[in-house]
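Asks: FYI, the UniProt record's numbering numbers position 65 of the sequence shown as 65, with every residue one higher than the one before it.
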Amino acid sequence: MPDTAVIVLLVVVSVAAASCAMILSQWLLRRRGAASAHQFWQALDMPRRYVFREGYLISDPEEDECFITDPEDRATAWAALVEGLTPLNEGIPDAMQALRHRGEGFVLIGYLGSDAISVAGRTEGETLCVTVATAQEGKARQAIHKGSLDGLQAELKGLRAALDFLPVPMWREGADAQVTWANAAYFRLVRRSAELDGPLVWPIRRLFADQLDPPPDPGSFRRCQLDIPDQQEPSWYDVSMTPEEDGGTLYAARSIDRLVAAETGLRNFVQTLSKTFAHLPIGLAIFDKRRELVLFNPALLTLSTLDPEWLSSRPSLFAFLDQLRERQRMPEPKNYKAWRASLSRLEQAAQDGSYQELWTLPTGQTYRVIGRPHPDGAVAFMFEDISSEVSLTRQFRADLDLYQAVLDEGEAALAVFSKDGQLILSNDAYAGLWGIDPREMLGTMGLVEATRQWQEATRPAPVWGDIRAFASQEAERAAWSDDIVMADGRALECRVAPLKGGAMMVSFVRLSKTTEKLERLREVAGGQD
Numbered sequence: 001m002p003d004t005a006v007i008v009l010l011v012v013v014s015v016a017a018a019s020c021a022m023i024l025s026q027w028l029l030r031r032r033g034a035a036s037a038h039q040f041w042q043a044l045d046m047p048r049r050y051v052f053r054e055g056y057l058i059s060d061p062e063e064d065e066c067f068i069t070d071p072e073d074r075a076t077a078w079a080a081l082v083e084g085l086t087p088l089n090e091g092i093p094d095a096m097q098a099l100r101h102r103g104e105g106f107v108l109i110g111y112l113g114s115d116a117i118s119v120a121g122r123t124e125g126e127t128l129c130v131t132v133a134t135a136q137e138g139k140a141r142q143a144i145h146k147g148s149l150d151g152l153q154a155e156l157k158g159l160r161a162a163l164d165f166l167p168v169p170m171w172r173e174g175a176d177a178q179v180t181w182a183n184a185a186y187f188r189l190v191r192r193s194a195e196l197d198g199p200l201v202w203p204i205r206r207l208f209a210d211q212l213d214p215p216p217d218p219g220s221f222r223r224c225q226l227d228i229p230d231q232q233e234p235s236w237y238d239v240s241m242t243p244e245e246d247g248g249t250l251y252a253a254r255s256i257d258r259l260v261a262a263e264t265g266l267r268n269f270v271q272t273l274s275k276t277f278a279h280l281p282i283g284l285a286i287f288d289k290r291r292e293l294v295l296f297n298p299a300l301l302t303l304s305t306l307d308p309e310w311l312s313s314r315p316s317l318f319a320f321l322d323q324l325r326e327r328q329r330m331p332e333p334k335n336y337k338a339w340r341a342s343l344s345r346l347e348q349a350a351q352d353g354s355y356q357e358l359w360t361l362p363t364g365q366t367y368r369v370i371g372r373p374h375p376d377g378a379v380a381f382m383f384e385d386i387s388s389e390v391s392l393t394r395q396f397r398a399d400l401d402l403y404q405a406v407l408d409e410g411e412a413a414l415a416v417f418s419k420d421g422q423l424i425l426s427n428d429a430y431a432g433l434w435g436i437d438p439r440e441m442l443g444t445m446g447l448v449e450a451t452r453q454w455q456e457a458t459r460p461a462p463v464w465g466d467i468r469a470f471a472s473q474e475a476e477r478a479a480w481s482d483d484i485v486m487a488d489g490r491a492l493e494c495r496v497a498p499l500k501g502g503a504m505m506v507s508f509v510r511l512s513k514t515t516e517k518l519e520r521l522r523e524v525a526g527g528q529d
């Protein structure tokens, strides 16, 4: 049985040996970790670049590669790099995915312990470049506050989300005319135009390439069209640009499909109106609310004799009327001041829709001019050459006057009634016989009023009722006559004859004193007395 003191001594020695071994191992581990960290930072003194094309590593890896587990497997190098960088910063996977699918560059700061590492990604033409470097370099390196960096990254993320939310396609092109960044609306438009369902591969297709070469001036718009396979009509965009200091260019494309459709509809409508107006003999001139000529037809050229190029220059209303005066296409004014005042009245009357005049030109022609208001303050003027109509009317009036003169020369008192019983024609003999000239009130005296006047001025006779009955007959009618005696004893023969169109003529002829008929009529009249 060993002595108790010996046992205690052995335990103390064992514990001391174990403690020394632990202290020595911790010291060795710290020395080894420091050496590894020194080697790591020494390896990152020069930035490491990883260049990929379509997910394939095309740059040569370093001999001391520490982020890609198998540098020789270039096809899986992208996934391996994402896996190797993720422990530095949790945002690495999302940033790498956005870089690969949308070309969004990024700069992230990761931490290995308390040491900062910069991870940056961007597009370079047709390739994607990821750079890993130390974010501190002894005393010369500027420290970055992690909270501030997180705030900047959050702001950047918010700005990207806002740009992706916009329905307006936006993109950036480098100095080599390659797309280096784009928002979600641009990517959707690329997919629609190319009928792509899968992920996009950089370099992203450059939309409107031919139409933006050379690019529009800053602050201006260029109208571009894009063919979309699932649409019958192309899509239209107003594209604007802003140059950047590094030689790149930022573009934005605003959809104007509705505007183009409205313009096309308006243009077709105007063309339809123009084709319609081209066949009208009436001259048309439409002035907008600024009183500029916006539309005219070929007939206006003929009637106004104005130069079509001058009319196409959108002259004002006053300039247009002034040219008409110069060409003797409107009545010659007595003085210029009064003429200018008349133009103002003409414009106001056209706005009210009450302007209508006959212009007798110095050439002997006659124009009918009508002014009418149009929507949005516009005014339309219509010019019609009615010289033939006026000439025909004058000739017709002269013929009527001639016929009336012939009737007035006759001794028989004549009265012509229309089908509806209105007095439409009489002569001087009628006015002298009955003491009233119905020509002064044509259209207001009917057959009933006329027969009542005749009956009051003659001795009783059944002829007046017969005349009224004759006028109302629908069957074929024949001329007839009867004798009447005036209140003063004069004997007349009343003749009734049908005319075309249901009209009727009543004539009164004084009987000769020597006729037997007159003697019998007087005997009958004497017996009645």
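Positions of the beta carbon are idealized from the N, C-alpha and C atoms, including for glycine.
(1) Taking Cβ positions, are Ala450 and Ala429 nearer each other than 8 angstroms?
(2) Indicate the three-state DSSP secondary structure (helix, strand or coil) for Ala429 in the structure shown.
(3) Is it a yes or a no for the region 279 to 286 touching the region 298 to 309, going by three-plus beta-carbon pairs under 8 angstroms?
(4) Between the beta-carbon of Ile92 and the beta-carbon of Val119, is there less than 8 angstroms?
(5) How about Arg131 and Pro215: are their beta carbons less than 8 angstroms apart?
(6) Around the C-beta of Cys224, are 16 or more other C-beta atoms found within 10 angstroms, so that it is buried, or is it exposed?
(7) Going by beta carbon distance, what residues of the same chain come within less than 7 angstroms of Arg31, once the five residues before and after it are set aside?
(8) Which first and last residues belong to the alpha helix (DSSP H) in which Glu384 is found?
(9) With a threshold of 16 other CB atoms inside 10 Å of the CB of Pro438, please say whether the residue is buried or exposed.
(10) Val107: which of Asp115, Arg100, Gln97 and Arg122 sits nearest, CA to CA?
(11) At which residues does the alpha helix (DSSP H) containing Thr276 begin and terminate?
(12) Can you list, in chain order, the residues of its chain with a C-beta nearer than 8 angstroms to that of Arg74? Leave out the 5 residues immediately preceding and following it.
(13) What span of residues does the alpha helix (DSSP H) with Val496 cover, start to end?
(14) Pull up the CB-CB distance for Arg206 and Val179, whole angstroms please, since I reckon it's below 8 angstroms.
(15) Please state whether DSSP places Gly91 in a helix, a strand or coil.
(16) Taking Cβ to Cβ, would you say Val496 is nearer than 8 angstroms to Met486?
(17) Nearest-angstrom Cα distance between Asp70 and Ala79?
(18) Could you spell out where the alpha helix (DSSP H) holding residue 568 opens and where it closes?
(19) To which residues of the same chain is Asn89 closer than 8 angstroms at the C-beta, ignoring the five residues directly before and after it?
(20) Measure the C-alpha to C-alpha separation of Met170 and Asn183 and round it to an integer number of angstroms.
(21) Tell me the DSSP secondary structure of Leu324 in three-state form.
(22) So Leu447 and Ala478 are in contact, right, with Cβ under 8 angstroms, and what is the actual spacing, rounded?
(23) Are the beta-carbon atoms of Ile117 and Ala135 separated by less than 8 angstroms?
(24) Would you mind listing the alpha helix (DSSP H) stretches within the region 57 to 115 that are 4+ residues and don't spill past its ends, in chain order?
(25) Return the CA-CA distance between residue 531 and Leu499, expressed in angstroms with no decimal places.
(26) Please state whether DSSP places Phe508 in a helix, a strand or coil.
(27) Find the nearest neighbour of Leu358 within the set Tyr367, Gln153, Phe508 and Ser312, judged by alpha-carbon distance.
(28) Identify whether Trp480 lies in helix, strand or coil by the three-state DSSP scheme.
Replies: This is what the structure holds:
(1) Cβ atoms of Ala450 and Ala429: not closer than 8 angstroms.
(2) Of the three classes helix, strand and coil, the one that applies to Ala429 here is helix, per DSSP.
(3) yes
(4) yes
(5) According to the sequence as given, residue 131 is Thr; it is not Arg. Thr131 places its beta carbon 8 angstroms or farther from that of Pro215.
(6) Buried is the call here.
(7) Caution is warranted here: a pLDDT of 38 is assigned to Arg31, below 50, making its placement in the model unreliable, and no coordinate value can be reported.
(8) Annotation: Glu384 is outside any alpha helix (DSSP H); the continuous beta strand (DSSP E) that includes it extends over Val379 to Asp385.
(9) buried
(10) Arg122
(11) Asp257 to Ala278
(12) Tyr56, Leu57 and Ile58
(13) Taken as a continuous stretch (DSSP letters only), Val496 belongs to no alpha helix (DSSP H), being part of the beta strand (DSSP E) at Ala491 to Pro498.
(14) 6 angstroms
(15) Note: Gly91 maps to coil in three-state DSSP.
(16) no
(17) 11 angstroms
(18) There is simply no residue 568 to check, as the chain begins at 1 and stops at 529 in what is shown.
(19) Leu108, Ile109, Gly110, Tyr111 and Val119
(20) 6 angstroms
(21) helix
(22) Actually they do not touch by this definition, with Cβ atoms about 19 angstroms apart.
(23) Using a Cβ distance threshold of 8 angstroms, Ile117 and Ala135 count as a contacting pair.
(24) 77 to 85 and 92 to 102
(25) Since the first and last residues shown for the chain are 1 and 529, residue 531 lies out of range.
(26) strand
(27) It is Tyr367 whose Cα lies nearest to the Cα of Leu358.
(28) strand
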